[in-house]
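In this note's numbering, the protein residues as written are 18 to 643. Notes to accompany the following structure.
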């Protein structure tokens, strides 16, 4: 039994992800692992912070990818320790292999899987619903509607996991992850059982013969958990009855429940009953069917797929995604739900109109929407420009991360998922080779993503002699998800923990790559030369070549010389080359003058754009000259 920290309960305003993290520490978790991905990224750093503050002996570590994070946590649970793995919804795709296997195991310690979903999506390549994964693997899933509920569900998920020896999923959506709420802070709760791994191959080895025994056991667990959700979880599954004869029933889960109840209250509608479901899988079917039987029409509100609807064989009275009442894609924003309710209830006050104060504020602030782009001074911008100028006819697959925004520089042609830039490089090479086409292929990937999933593809390319250039854009941080460490950085989260930096050059050579060259990303001329040389090596030797563009992320505020620049209006011909192919927020085109100019609000004086203009219109400028 772990020692309990003595702290007086208090309250604090926490981010939803911080509330989840607090619950993980208070629940007595001993091993927490994760890979960053919005909207889940803040959870593990908050776990480390609270663990330091509360004196927990637990570990909190970034893993190289989600599969590794899941397997680390799973093995810890085999010993009897409470363990947790954290990721976003597409990260569960990466961890799907061990996830499906471990779901069949009879676990010893509580295993909490936190998967943050991104309906919309806001920062993901899909808006897939992780509750489907829970249904696919036949494990229980908790779907919180608020940050406070998410924290409370952490304790119940751990308890349920240990009670049934099963993975328990907590699936917060982006609005729960990033909301802020007044949260009760408690102490670390005592946990039962010693940490001891017992050798039981029949329990811990996923042999085909074991599945024949474990799969029926898993099916029984699911039905037993369904009964528990029906009878013991009224704090998450409950009805808010209408005060008058109901004209509509609503079954809602997660954030859509909070939105719907707020809208109904604001509109003064007391003729609508609402059934809240906080445990969408396995669905408490008897409770839901009883609710449906008492209403002529029942609207289902859930994000993002019809997970609850799919568990009901009779949908005669159901209005939802299956019949188009609820949109089949996209986040159920308040205006979307308001529109649905307004149509069903024939209530104009629920029409989902834009609030006049919001419109007025936007007009007053003169906010002009524009596409996402790389930060001013981002080294990736210079790297992309070098690559594009060196081999303009090249095919340029890229990867998930900040560098995906290279599409704005016309330097990214295809993106699929983490690590796919490397394997797509192989695919493009093989297709061109079979067709007798000699066309360069230059792929781009970041330092964190390279370790996440780039290494297997690179080893395969070396083994099969695929000729392409892999450009690793090393900004010494996992930037897009908030600045987390990775193996190329080497730092760790807990105070006193020491990591070890993994050398990217050494990793490439360890895969068998002979041509590995590291250059300063800001040096555009050197970048052009390096890419050309790398392609000539790859083409002549029939093997991949690697160029590492290295410069720290601007968010790290590296010390560097300041090189103020200006646009010479006499030399600028208004071709927009700098706008279209360099795409820096500090470079703006004036429709009034037909010239480019420097927007001082965004320019960080990195000086890289001095190499950009084909007419030499961007020149160095001293402060005095300005």
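Don't be surprised by glycine CBs; every beta carbon is placed ideally from N, CA and C. Bear in mind the structure is a predicted one, so any value in this text is a computation, not a measurement.
Pull up the distance between the alpha-carbon of residue 642 and that of residue 636, whole angstroms please. Mapped onto the chain shown, residue 642 falls at position 625. Mapped onto the chain shown, residue 636 falls at position 619. Unreliable positioning characterises residue 642 in this predicted model, as indicated by a pLDDT of 40, which lies under 50. The coordinate reading is nonetheless provided below. Roughly 12 Å separates the two Cα atoms.
If we require 3 or more residues per run, which beta strand (DSSP E) segments fall completely within the region 42-83? 48-51 and 76-79
Between the C-alpha atoms of residue 457 and residue 623, what's the straight-line distance to the nearest angstrom? Taking the chain shown and counting its residues from 1, the one referred to as residue 457 is at position 440. Taking the chain shown and counting its residues from 1, the one referred to as residue 623 is at position 606. Whole-angstrom Cα-Cα distance: 30 Å.
What residues are listed by DSSP as bridge partners for residue 635? As a first step, residue 635 must be located in the chain shown, where it is residue number 618. 584.
Could you spell out where the alpha helix (DSSP H) holding residue 114 opens and where it closes? Mapped onto the chain shown, residue 114 falls at position 97. Residue 114 -> alpha helix (DSSP H) spans 113-119.
Measuring CA to CA, which of 45, 347 and 205 is closest to residue 142? Working through the chain shown from its first residue, we reach residue 142 at position 125. Sorting 45, 347 and 205 by C-alpha distance to the C-alpha of residue 142 places 347 at the top.
What whole-angstrom Cβ distance do residue 614 and residue 584 have, given they're in contact under 8 Å? Looking up residue 614 in the chain shown gives position 597. Looking up residue 584 in the chain shown gives position 567. With 8 Å as the limit, residue 614 and residue 584 qualify as a contact, their Cβ atoms being about 5 Å apart.
Evaluate residue 383 with the Cβ neighbour count: other Cβ atoms within 10 Å of its Cβ, from every protein chain shown; 16 or more gives buried, anything less gives exposed. Indexing the chain shown from 1 puts residue 383 at position 366. Looking at its Cβ environment, which holds fewer than 16 other Cβ atoms inside 10 Å, residue 383 is exposed.
Roughly how many angstroms separate the alpha carbons of residue 431 and residue 185, rounded to a whole number? If you number the chain shown from 1, residue 431 lands on position 414. If you number the chain shown from 1, residue 185 lands on position 168. Cα to Cα, the separation comes out at about 36 Å.
Please report the distance separating the alpha-carbon of residue 640 from that of residue 581. To locate residue 640, count along the chain shown from 1; it is residue 623. To locate residue 581, count along the chain shown from 1; it is residue 564. Note that residue 640 scores 47 on pLDDT, short of 50, meaning its location in the model is unreliable and no value can be drawn from it.
Can you say whether residue 207 is buried or exposed, counting buried as having 16 or more other CB atoms within 10 angstroms of its CB? As a first step, residue 207 is located in the chain shown; it is residue number 190 there, counting from the start. So residue 207 counts as exposed.
With three or more C-beta pairs closer than 8 Å as the rule, is the region 201-219 touching the region 94-111? yes
Straight-line Cα distance separating residue 41 from residue 19: Residue numbering aside, residue 19 sits at position 2 when the chain shown is read from its first letter. Residue numbering aside, residue 41 sits at position 24 when the chain shown is read from its first letter. Since pLDDT at residue 19 reaches only 49, below the 50 mark, its modelled position is unreliable, and the value read off the structure follows with that caveat. Distance between the alpha carbons of residue 19 and residue 41 is about 14 Å.
Tell me which same chain residues have a C-beta within less than 6 Å of the C-beta of residue 687, skipping the five on either side of it? One cannot answer for residue 687 here, as it falls past the ends of the chain, which runs 18 to 643.
Along the chain, where does the alpha helix (DSSP H) containing residue 293 start, and where does it finish? Taking the first residue of the chain shown as 1, we reach residue 293 at position 276. Premise fails: residue 293 lies in the beta strand (DSSP E), 289-293, not in any alpha helix (DSSP H).
Can you tell me the Cα-Cα spacing of residue 225 and residue 131, whole angstroms? Counting from 1 along the chain shown, the entry for residue 225 is found at position 208. Counting from 1 along the chain shown, the entry for residue 131 is found at position 114. Each residue's Cα considered, the two are about 28 Å apart.
Going straight from the alpha carbon of residue 455 to that of residue 440, what length do you get? By one-based count along the chain shown, residue 455 stands at place 438. By one-based count along the chain shown, residue 440 stands at place 423. So the two alpha carbons sit approximately 18 Å from each other.
Runs of beta strand (DSSP E) wholly within the region 178-208 (minimum 3 residues, chain order): Listed in chain order, the complete beta strand (DSSP E) runs (minimum 3 residues) inside the region 178-208 are 184-187 and 197-202.
Just checking, does the region 191-206 make contact with the region 39-56 on the three C-beta pairs under 8 Å criterion? yes
What does the Cβ neighbour count give for residue 223, buried or exposed, with the cut at 16 atoms within 10 Å? For this step, residue 223 is matched to residue 206 along the chain shown. Residue 223 is exposed by the Cβ-count criterion.
Local Cβ density within 10 Å of residue 363, reported as buried at 16 or more and exposed below that: Here the question's residue 363 lines up with position 346 in the chain shown. Exposed, since its Cβ has fewer than 16 Cβ neighbours within 10 Å.
Considering only their Cβ atoms, is the gap separating residue 238 from residue 182 smaller than 9 Å? Here residue 182 is taken as the residue at index 165 of the chain shown, counted from 1. Here residue 238 is taken as the residue at index 221 of the chain shown, counted from 1. Closer than 9 Å, so yes.
Could you say which of 404, 436 and 485 lies nearest to residue 558 if we only look at CA atoms? Taking the first residue of the chain shown as position 1, residue 558 is located at position 541. Minimum Cα distance to residue 558 is reached at 485.
Other residues of its chain near residue 407: CB distance less than 6 Å, five sequence neighbours each side excluded: Looking up residue 407 in the chain shown gives position 390. So the qualifying residues of the chain are 545, 548 and 549.
Check the DSSP bridge columns for residue 501 and list the partner residues they point to. One-based indexing of the chain shown puts residue 501 at position 484. Answer is 495.
Does DSSP put residue 525 in a helix, in a strand, or in coil? Locating residue 525 in the chain shown gives position 508, counting from the first residue. Helix at residue 525.
The region 460-480 / the region 525-540 touching (three or more Cβ pairs under 8 Å): The answer is yes - the region 525-540 touches the region 460-480, with three or more Cβ pairs under 8 Å.
Quick one: using the 10 Å Cβ neighbour count with 16 as the cut-off for buried, is residue 11 buried or exposed? Residue coverage of the chain in this structure runs from 18 to 643, which leaves residue 11 outside it and unanswerable.
CA-to-CA distance, residue 472 to residue 482, given in whole angstroms: Your numbering for residue 482 matches position 465 in the chain shown. Your numbering for residue 472 matches position 455 in the chain shown. Rounded to the nearest angstrom, the two C-alpha atoms are 15 Å apart.
Let me make sure I understand the geometry here. Which of 446, 327 and 403 has the alpha-carbon closest to that of residue 152? For this step, residue 152 is matched to residue 135 along the chain shown. Of 446, 327 and 403, the residue nearest in Cα terms is 327.
Buried/exposed call for residue 397, threshold 16 Cβ in 10 Å: As a first step, residue 397 is located in the chain shown; it is residue number 380 there, counting from the start. Buried is the call here.
In whole angstroms, what is the alpha-carbon distance linking residue 324 and residue 177? Along the chain shown, one-based indexing puts residue 324 at 307. Along the chain shown, one-based indexing puts residue 177 at 160. Going from the Cα of residue 324 to the Cα of residue 177 covers about 21 Å.
Three-state secondary structure assigned by DSSP to residue 141: The residue given as residue 141 occupies position 124 in the chain shown. In this structure, residue 141 counts as coil in the three-state DSSP scheme.
Is residue 402 closer than 9 Å to residue 598 when the C-beta atoms are compared? Working through the chain shown from its first residue, we reach residue 598 at position 581. Working through the chain shown from its first residue, we reach residue 402 at position 385. Yes, the pair counts as a contact, with Cβ atoms nearer than the cut-off.
Buried or exposed, going by whether 16 or more other CB atoms sit within 10 Å of the CB of residue 168? Position 151 of the chain shown, counted from the first residue, corresponds to residue 168. Residue burial annotation: residue 168 is buried, with at least 16 other C-beta atoms found within 10 angstroms of its C-beta.
With residue 84 and residue 114 assumed to form a contact (beta carbons below 8 Å), what rounded beta-carbon distance in angstroms separates them? Translated into positions along the chain shown, residue 84 becomes position 67. Translated into positions along the chain shown, residue 114 becomes position 97. The Cβ separation is near 7 Å, so the contact holds.
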